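Protein chains in written order, with the numbering used here: chain P, 1 to 81; chain Y, 82 to 162. These notes are about the structure you will find just below.
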């Protein structure tokens with residue numbers, strides 16, 4: 001069974017680069033990658049926060065958050081910045 | 082031909098987690114991943130800096146730096162902290 005990886009992003013340039021270079025680089029034999037854009041799915045911000053995500057873009061792999069560079073804080077995302 | 086990915090780290094707990102969860106997750110059909118521990122190879126700090134790496138752990142993929150969470154700044158690494 002493949003492991004579930006969630007890539008949370010906010011549509012920002014840093015996010016797009018991370019998605020193309022890193023999310024697209026994960027082994028498709030081992031991982032199912034779901035990309036969540038907070039702009040399209042603001043209801044999932046709380047879920048990301050519970051996993052420890054503080055900024056976007058970030059992966060959650062096996063329950064652990066991995067922030068990639070820095071695009072926007074979740075506070076900014078919630079504020080619509 | 083596989084793309085070259087370098088994973089720079091400093092042996093810190095944040096680094097080890099990132100290596101296990103992310104460096105180990107990259108598609109082996111597409112990438113050759115080299116792990117560089119600054120503690121073992123301090124001569125490669127300058128190379129990482131030239132690629133834009135400011136902290137460890139970080140990937141350099143196709144010349145672009147991707148910092149993963151925050152383990153240590155390169156200044157700390159150079160200072161032996």
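Quick reminder that beta carbons are idealized off the backbone N, C-alpha and C, glycines included. What you are looking at is a predicted structure, and each value in this text was computed from that prediction instead of being measured.
With respect to the 8 Å criterion, residue 140/Y and residue 126/Y are not classified as neighbours on the basis of their beta carbons. With respect to the C-alpha of residue 33/P, the residue from 122/Y, 119/Y, 103/Y having the closest C-alpha is 103/Y. When beta bridges are read from the DSSP output, residue 85/Y appears opposite 113/Y.
DSSP places residue 99/Y in the helix class (H, G or I) of the three-state scheme. Here DSSP, grouped into helix, strand and coil, assigns residue 46/P to helix. Within the model, the alpha-carbon separation for residue 100/Y versus residue 88/Y is close to 8 Å. Here the alpha carbons of residue 132/Y and residue 84/Y stand approximately 16 Å from one another.
Taken through DSSP and simplified to helix, strand or coil, residue 158/Y comes out as helix.
Annotation: residue 122/Y is outside any beta strand (DSSP E) and is labelled neither H nor E by DSSP.
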